[in-house]
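Enquirer: Residue numbers (our numbering): 26 to 473.
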């Protein structure tokens, strides 16, 4: 690959000037037949389309202009869809085509109930000197369609006596349907009422209520605050390949609540939600969103400066927080790995949301498999074009020859990674988690 080093340096110095176009220098006169990029990108954020339009070796087909029933008939070399459900994995020609979703990944890691289950299965292996109990929240999964109480549900009712609890729809996103309970007795009563009521499959409101109480988590009531507001960190994980397994990491954007944090509420309503939910899409419902939106996101650099100023954090502590993010990302990815379907040419960009408690212990909130590529604020415009360009340049180079994927990643220094850092590279027998491996003797002692 021959890259435009001058532009690359310019974008490093002035990230807001990045246009999202390829940095690969192509000889357009040497291209006999263009490849096809079939895209279903929605307006107004056309970063994927913009990227492929900058490559003279690709022609772009806008699938939004073609009836969905005809999508599977389109011949393509690369296909990008926002949602996994828009892809027909059975018709995907692995080893000949590239697609931006890995089969079963959403179900395994993005669906919150399965994320919890897979993390717990990973914990049982006792491979490392930490597990998901160190970075995820105590969670109970309820089967509210059954009036009987299983072992996990009974444990919740018998052992949990206090604290703030949050309920979520395991399959939802954008902060939809989330509720907070300071009164655990009220939460228990709500659950009992739902379980004792016969489900009407035609009652959409009842079905949504069942879903919204299906996952109950202990709420982090002492979060790290910046400017007195709750924040979370959207980081990115790129699964380049499953065979060999290649997983990369990149820091992203810090998102802030639109209102200052407190937990003095009696009843959790939308006004209170603005103090607790950092989701950018949810914040758009606030009447002052347009005038405040630039304040709701910050870069990693601004975030770390705030930590230095407000909490006097040292460079060593900031580096430790960075390592925590990477090890959580690697552990979470491995937790879902065995459930994924290996198809050569399938890759996945994920957005992981993390936060910290007041003692700077990192916590995983959730995994997003249709991560937003918005560029509607200054901070987003500093991050997203680079993210898209570096991802697509790297993916297209990796799969330029499907038979040489492992060979290329044996020497990743020859590839242009941009801001991506390697978490796992089986072609080199490298795993960032190896430094956290349990000593087998310690494992044996724990089991005695």
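Cβ coordinates follow ideal geometry from the N, Cα and C atoms, glycine included. No experiment lies behind these values; they were computed from the predicted model shown.
#1: From the DSSP output, in three-state form, read off residue 203 for me.
#2: Is it the case that the stretch 354 to 367 contacts the stretch 434 to 451, given that we only count it when at least three CB pairs across the two stretches are under 8 Å?
#3: With respect to the alpha helix (DSSP H) encompassing residue 421, which residues constitute its N-terminal and C-terminal limits?
#4: Assuming residue 273 is part of the beta strand (DSSP E), what are its boundary residues?
#5: How should residue 179 be labelled, buried or exposed, when 16 other C-beta atoms within 10 angstroms of its C-beta is the threshold for buried?
#6: Please state if the CB of residue 275 and the CB of residue 261 are separated by a distance shorter than 9 Å.
#7: Please go through the same chain and pick out, in chain order, the residues whose beta-carbon is closer than 7 Å to the beta-carbon of residue 120, but skip the five residues on each side of it.
#8: Would you mind reading off the limits of the beta strand (DSSP E) that contains residue 288?
#9: Rank 219, 390, 250 by C-alpha distance to the C-alpha of residue 232 and give the top, closest one.
#10: According to DSSP, is residue 191 part of a helix, a strand, or is it coil?
#11: According to the Cβ coordinates, are residue 240 and residue 141 closer than 9 Å?
#12: Count the CB pairs spanning the stretch 50 to 57 and the stretch 407 to 426 that are closer than 8 Å, and state whether there are at least three.
#13: Could you tell me the alpha carbon to alpha carbon distance between residue 59 and residue 73, rounded to whole angstroms?
#14: With three or more beta-carbon pairs closer than 8 Å as the criterion, would you say the stretch 333 to 353 touches the stretch 200 to 215?
#15: Can you tell me which residues form a DSSP beta bridge with residue 105?
#16: For residue 414, which option in 382, 32, 47 has the closest C-alpha, if you only look at C-alpha atoms?
#17: Are the Cβ atoms of residue 407 and residue 40 separated by less than 9 Å?
#18: Name the one or two DSSP bridge partners that residue 489 has.
#19: Among all the DSSP beta bridges, which residues are the ones paired with residue 5?
#20: Assuming residue 449 is part of the beta strand (DSSP E), what are its boundary residues?
#21: Residues in the same chain with beta-carbon distance under 7 Å from residue 289, minus the five sequence neighbours each way, listed in chain order, please.
#22: Taking the alpha carbon of residue 157 as the reference point, which residue from 388, 36, 400 has its own alpha carbon closest?
#23: How about residue 293 and residue 205: do their beta carbons lie closer than 9 Å?
#24: Can you tell me whether residue 217 is buried or exposed? The criterion is at least 16 other CB atoms within 10 Å of its CB, across all chains shown.
#25: Going by DSSP, name the residue or residues bridged to residue 87.
#26: Among the residues of its own chain, which have a CB less than 6 Å from the CB of residue 270, if the five just before and after it don't count?
#27: In terms of DSSP beta bridges, what is residue 371 paired with?
#28: Going straight from the alpha carbon of residue 365 to that of residue 461, what length do you get?
#29: Would residue 416 pass as a contact of residue 135 if the rule is Cβ separation under 9 Å?
#30: So, residue 44 versus residue 79, is the Cβ gap smaller than 9 Å?
#31: Excluding sequence positions up to five away, which residues of its chain have a Cβ less than 7 Å from the Cβ of residue 352?
#32: Just to confirm, are residue 202 and residue 193 a CB contact at a threshold of 9 Å?
Expert: In terms of the structure at hand:
#1: coil
#2: For the pair of segments examined, the stretch 434 to 451 was found to touch the stretch 354 to 367: the number of CB pairs separated by less than 8 Å reaches three.
#3: 403 to 423
#4: 270 to 281
#5: exposed
#6: yes
#7: 369, 370, 427
#8: No beta strand (DSSP E) holds residue 288; DSSP gives it neither H nor E.
#9: 219
#10: strand
#11: yes
#12: no
#13: 17 Å
#14: As far as the Cβ criterion goes, the stretch 333 to 353 does not touch the stretch 200 to 215, which means the pair count is below three.
#15: 64
#16: 47
#17: yes
#18: With the chain running from 26 to 473 in the structure shown, residue 489 is simply not present.
#19: For residue 5 there is no data in the structure shown, the boundaries of the chain being 26 and 473.
#20: Element bounds for residue 449: 446 to 450.
#21: none
#22: 388
#23: yes
#24: exposed
#25: 64
#26: 449, 451
#27: 124
#28: 24 Å
#29: no
#30: A contact, by the Cβ cut-off of 9 Å.
#31: 457, 458, 461
#32: yes
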